[in-house]
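What follows is one structure encoded as structure tokens, with my remarks underneath.
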Amino acid sequence: MGNMPGMEHDMSKMDEAGPYDALFIDSMIMHHQGAIDMANQALEEATKPEIKALAEAIIKAQEAEIAQMQEWRKNWYPDLAPTAGMGMDMGTMEVSSDSSKLFDQRFIEAMIPHHEGAIAMAKDAQQKAEHQEIKTLSEAIITAQEAEIAQMQQWLKDWFGQ
61 MGNMPGMEHD
71 MSKMDEAGPY
81 DALFIDSMIM
91 HHQGAIDMAN
101 QALEEATKPE
111 IKALAEAIIK
121 AQEAEIAQMQ
131 EWRKNWYPDL
141 APTAGMGMDM
151 GTMEVSSDSS
161 KLFDQRFIEA
171 MIPHHEGAIA
181 MAKDAQQKAE
191 HQEIKTLSEA
201 IITAQEAEIA
211 QMQQWLKDWF
221 GQ
């Protein structure tokens with residue numbers, strides 16, 4: 061699966077726009093909000109209870125991570141204006157409206173590359189972040205989202221023969 065439109069993770073823009081950690085925080089908050097929006101849609105439209113349970117888990121985990129990152133942003137960069145992020149448009153992530161597929165399948169097919177984008181950002185942060193807290197959060201993001209991707213790939217295979 062290729063990247064979805066708007067999912068460019070251009071880390072080269074980091075130095076131009078401000079401290080890496082601030083850019084990471086601003087970008088990951090936008091990225092997480094995109095996942096939360098998709099998960100909220102899944103709570104309304106998914107038919108499989110497993111998808112609804114995953115959506116609830118995504119919302120709970122990523123809302124907590126957003127709250128933590130907002131606190132760090134406020135404490136570490138109180139005078140820094142919001143950044144443009146890392147060159148990606150995460151606020152517009154949507155589940156495909158392809159009516160030939162069930163919502164559950166479309167959700168999985170949208171969330172896997174979305175998670176892959178977060179993992180790429182988190183791996184970059186492990187190398188470049190100044191604050192250990194960012195590195196620790198990045199490790200947690202990688203672990204959780206790799207596990208969720210593996211589960212979703214299994215569901216694609218089991219439920220949709222992919």
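The sequence shown lines up with residues 61 to 222 when you count with my numbering.
Think of the CB as a built atom: it goes at the ideal place given N, C-alpha and C, for glycine as much as any other residue.
In this text the structure is predicted, and so the values were computed from the model without any measurement.
Proximity of residue i and residue j at Cβ, strictly below 8 Å
i, j, result
"Ile126", "Ala99", "no"
"Ile168", "Met212", "yes"
"Ser87", "Gly145", "yes"
"Arg133", "Ala200", "no"
"Ile202", "Ile172", "no"
"Lys183", "Ala189", "no"
"Trp215", "Glu131", "no"
"His175", "Glu208", "yes"
"Ala106", "Ala95", "no"
"Gly78", "Thr143", "yes"
For residue i, three-class secondary structure by DSSP
i, result
"Thr203", "helix"
"Ala113", "helix"
"Gln128", "helix"
"Ser157", "coil"
"Glu78", "Note that residue 78 is Gly in the sequence shown, not Glu. Coil at Gly78, not helix or strand."
"Met150", "Note that Met150 scores 47 on pLDDT, short of 50, meaning its location in the model is unreliable; the coordinates nonetheless yield the value given after this. The answer is coil: DSSP assigns Met150 none of H, G, I, E or B."
"His191", "coil"
"Lys99", "Reading the sequence as shown, one finds Ala at residue 99 and not Lys. Reduced to three states, the DSSP call for Ala99 is helix."
"Thr196", "helix"
"Gln211", "helix"
"Leu140", "coil"
"Gln222", "coil"
"Gly145", "coil"
"Ala121", "helix"
Residue interval of the alpha helix (DSSP H) (run including residue i)
i, result
"Ala170", "163-188"
Residue i Cβ short of 7 Å to the ligand FMN heavy atom set
i, result
"Ala170", "The model on display carries no ligand, and the ligand FMN is accordingly not part of it."
Min CB distance residue i to chain C below 8 Å
i, result
"Ser156", "Looking at the structure shown, chain C is missing, and only one protein chain is on hand."
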